[in-house]
Ligand SMILES: Nc1ncnc2c1ncn2[C@@H]1O[C@H](COP(=O)(O)OP(=O)(O)OP(=O)(O)O)[C@@H](O)[C@H]1O
Ligand SMILES: [Mg+2]
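Protein chains in written order, with my numbering: chain A, 163 to 484; chain B, 7 to 260.
Given below as structure tokens:
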């Protein structure tokens, strides 16, 4: 382990599937003993990133280190230190929960007796002690997810990857998974968690990277991200499309934060002081003699904040391409 | 990673396959009964009008045993793709286990099943009147050649399954196995075929095994001197497909 204490490090990582760029220069640094959220919409590249980190997928370029080891050069070392809960169940569903855990335990070289004891312990801890010989295929979705999670915790890994751990679970199942993650982190495990739920990232993660199009578009603590992306916005709809550019010039918004939608004749910007911004906007429009169809303040929801963070990147990408 | 771990990993993966059998006894039984059905069908229904030397049952049984070894490839392919499809292989690959232990487990289980299949089929063949005349050593040698062929076909099956990837694609590959199986001397002697077909049949690796096994059993259709070919053909296939399969498995994430 390096003195920097980064349990997970990805630098400028690229991965393409044929023409499709799944990772386009992804950067990620996760301190030891913390929970890091990877938040992004469908197809953002979350699973691809996790599979690269878990040594399951080759990448095309960049640097990837887990627990201080290069995933390409020292895959065996990495595998001894990680646990993986993939997006889809990675279980032998023809076998019972106990059979699964014992098998994986033996493969982690816990020995026959060690594997059996560990299986007992985990079945108990995840509320699966009564499942007997029932094959995992007949478990409920939540039970299967818990068994999968138990399998990824067999060795109390140094670094744990959780790819959408609670998707498809009911609120109770979700709460149980959250509980387990928290107690793990208390034990010193580093967790990388992907999710589409802001609430989940908010509750569990110390820091969040918002991913879109295979890149990180925003990074920070949940609080930072909320204030950065989730600020109130003011929307101004100009009557005459020809005067849109003029409106952008006269309005008292920071140029970098102003979004323009030509089709809707809309200028939009985040604001700090709602009332002052409203007054300034109306004054500026009047002074320039620009007629507004609508001026409105909006308070974004958490989900909108997330959409804005990821959508903002899409716009930036278009501008770069133009 | 020490050799002890490697052995333990391979054994764990073999136990996994055995645990699957214990879960699906009916499927295992069907797997054993199917070749027996083929044997009985060919023996009694098709058997009548064949132009082969000697008693047709004595000719047929070694041929069917050989054919069963070749067709075992289908079961192997199905099992491998089903595993890949399920995602459990992802967990294996993310663990510090021996490279290829997953494949060795598959191979061990399939070999066990094939050995059991051979015993059942020879038993049924015996009941149908088939007799081996070569003595115990030759008998064991014949079974050895058959299992060697199965072993080679098994690794070809693993490789093809890894290439095909999805169960749907396996079916299309399986169709290719059929002409390979039937364009052999399993059911009919090449002498009774048109020249070009007979030549193709003689060059089929499967025909080499069938001929050698017939010779060792002392059954009609055997010719001396084929044992070498029956050893070399499977070894050549193994030399090709074993490394290909292991390499392919290692590169699954590419
Ligand atoms: N095996 C593959 N072959 C081709 N394209 C792929 C493959 N796997 C992923 N992709 C593509 O790469 C991109 C990133 O996919 P990835 O699964 O990493 O996204 P994700 O963020 O995990 O999405 P989700 O939230 O839906 O799970 C997507 O556009 C996807 O279509
Ligand atoms: Mg995903």
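Beta carbons: idealized from backbone N, C-alpha and C, even for Gly.
Note that the structure is predicted; figures quoted are calculated from it, not measured.
Exercise. Between which two residues does the beta strand (DSSP E) harbouring residue 216 of chain A extend?
Worked result: Element bounds for residue 216 of chain A: n/a, residue is neither H nor E.
For this session: Kindly examine ligand 1 and report whether one of its heavy atoms sits closer than 7 Å to the Cβ of residue 184 of chain A.
Result: At least one heavy atom of ligand 1 sits closer than 7 Å to the Cβ of residue 184 of chain A.
Exercise. Does ligand 2 have even one heavy atom less than 7 Å from the beta-carbon of residue 362 of chain A?
Worked result: Checking every heavy atom of ligand 2 against the Cβ of residue 362 of chain A, none is found closer than 7 Å.
For this session: Would you list, in chain order, the members of the stretch 12-34 of chain B that have their beta-carbon closer than 9 Å to a beta-carbon of chain A?
Result: Listed by position, the residues of the stretch 12-34 of chain B near chain A (Cβ gap below 9 Å) are 14, 15, 17, 18, 19, 21, 22, 25, 26, 29, 30.
Exercise. Taking the alpha-carbon positions, what's the residue 222 of chain B to residue 142 of chain B distance?
Worked result: The straight-line gap from Cα to Cα measures roughly 10 Å.
Exercise. Which chain B residues are close to residue 244 of chain A, counting only those with a beta carbon under 8 Å from its beta carbon?
Worked result: Ordered by position in chain B, the residues that pass the 8 Å Cβ test against residue 244 of chain A are 100.
For this session: Give the DSSP bridge partners of residue 118 of chain A, in chain order.
Result: No statement about residue 118 of chain A is possible, as the shown extent of chain A runs from 163 to 484 and does not include it.
Problem set entry | CB contact flag (residue 202 of chain A, residue 472 of chain A, <8 Å) | Closer than 8 Å, so yes.
For this session: Pull up the DSSP beta-bridge partners for residue 381 of chain A, would you.
Result: Residue 381 of chain A pairs with A:371.
For this session: Residues of the stretch 197-228 of chain A with a CB closer than 9 Å to any CB of chain B: list them in chain order, please.
Result: Answer in chain order: 213, 214, 216, 217, 218, 219, 220.
Exercise. Mind checking whether residue 288 of chain A and residue 311 of chain A have CB atoms under 8 Å apart?
Worked result: For the pair residue 288 of chain A and residue 311 of chain A, the CB atoms are nearer than the 8 Å cut-off.
Problem set entry | Interface flag, residue 72 of chain B vs chain A, CB-CB below 8 Å | Chain A, which has no Cβ nearer than 8 Å to the Cβ of residue 72 of chain B, makes this no.
Problem set entry | CB contact flag (residue 117 of chain B, residue 63 of chain B, <8 Å) | In this structure, the beta-carbon distance from residue 117 of chain B to residue 63 of chain B does not fall below 8 Å.
Exercise. By DSSP, does residue 452 of chain A sit in helix, in strand, or in coil?
Worked result: If DSSP states are grouped into helix, strand and coil, residue 452 of chain A belongs with coil.
Problem set entry | Residue of A:352, A:372, A:232, A:376 minimising C-alpha distance to residue 179 of chain A | Nearest of A:352, A:372, A:232, A:376 to residue 179 of chain A, Cα basis: A:376.
Problem set entry | Per-residue DSSP class, three states only, for residue 424 of chain A | Note: residue 424 of chain A maps to coil in three-state DSSP.
Exercise. Does the Cβ-Cβ distance between residue 452 of chain A and residue 409 of chain A come in under 8 Å?
Worked result: Against a cut-off of 8 Å, the Cβ pair of residue 409 of chain A and residue 452 of chain A comes out as a contact.
Exercise. Name the chain B residues whose beta carbon is nearer than 8 Å to that of residue 266 of chain A?
Worked result: One finds 97, 101 in chain B with Cβ atoms closer than 8 Å to the Cβ of residue 266 of chain A, taken in chain order.
Exercise. Since residue 62 of chain B is in the beta strand (DSSP E), which residue starts that stretch and which ends it?
Worked result: In the DSSP assignment, residue 62 of chain B falls outside any beta strand (DSSP E) and within the unbroken alpha helix (DSSP H) covering 62-92.
For this session: Go ahead and label residue 211 of chain B buried or exposed: buried means 16 or more other beta carbons lie within 10 angstroms of its beta carbon, across all protein chains shown.
Result: Around the beta-carbon of residue 211 of chain B, 16 or more other beta-carbon atoms lie within 10 Å, marking it buried.
Exercise. Using a threshold of 7 Å, is the CB atom of residue 252 of chain A nearer than that to any non-hydrogen atom of ligand 1?
Worked result: For ligand 1, not one heavy atom lies less than 7 Å from the Cβ of residue 252 of chain A.
Problem set entry | residue 177 of chain B: CB within 7 Å of a non-hydrogen atom of ligand 1 | No, Cβ of residue 177 of chain B sits at least 7 Å from all heavy atoms of ligand 1.
Problem set entry | chain A residues whose Cβ lies nearer than 7 Å to that of residue 94 of chain B | Here the neighbours are 252, 253, 254.
Exercise. Exposed or buried, which one is residue 78 of chain B when buried takes at least 16 other CB atoms within 10 Å?
Worked result: Residue 78 of chain B should be labelled buried.
Problem set entry | For residue 228 of chain B and residue 144 of chain B, the rounded distance between their alpha carbons | The alpha-carbon of residue 144 of chain B is positioned some 13 Å away from that of residue 228 of chain B.
Exercise. Run through DSSP, which three-state label would residue 199 of chain B get?
Worked result: In the three-state reduction of the DSSP assignment, residue 199 of chain B falls in the coil class, being assigned neither a helical nor a strand state.
Exercise. From the DSSP output, which residues share a beta bridge with residue 227 of chain A?
Worked result: DSSP lists A:171, A:232 as the beta-bridge partner residues of residue 227 of chain A.
For this session: Tell me where the alpha helix (DSSP H) around residue 400 of chain A begins and ends.
Result: Where residue 400 of chain A is concerned, there is no enclosing alpha helix (DSSP H), although the beta strand (DSSP E) it sits in stretches over 395-400.
Problem set entry | Within chain A, the residues that residue 259 of chain B reaches when beta carbons sit closer than 9 Å | Listed by position along chain A, the residues whose Cβ is nearer than 9 Å to that of residue 259 of chain B are 213, 214, 217, 218, 219, 220.
Problem set entry | Three-state secondary structure assigned by DSSP to residue 226 of chain B | Note: residue 226 of chain B maps to coil in three-state DSSP.
Problem set entry | chain B contacts from the stretch 281-296 of chain A (Cβ-Cβ distance under 7 Å) | Contact annotation: in the stretch 281-296 of chain A, no residue has its CB less than 7 Å from a CB in chain B.
For this session: With residue 186 of chain A as the anchor, note down where its alpha helix (DSSP H) starts and where it stops.
Result: First-last for residue 186 of chain A: 182-193, but that is the beta strand (DSSP E), not the alpha helix (DSSP H).
Exercise. What residues of chain B sit near residue 460 of chain A, judged by a beta carbon separation below 9 Å?
Worked result: Listed along the chain, the chain B residues whose CB falls inside 9 Å of the CB of residue 460 of chain A amount to none; the nearest CB is some 42 Å away.
Exercise. When the cut-off is 8 Å and only beta carbons count, does residue 261 of chain A lie next to chain B?
Worked result: Residue 261 of chain A counts as touching chain B.
Problem set entry | CB contact check: residue 238 of chain A to chain C, cutoff 8 Å | Structure shown: chain C not included; protein chains present are A and B.
Exercise. Is residue 271 of chain A buried or exposed, if buried means 16 or more other CB atoms sit within 10 Å of its CB?
Worked result: The residue is buried, with at least 16 neighbouring Cβ atoms inside 10 Å.
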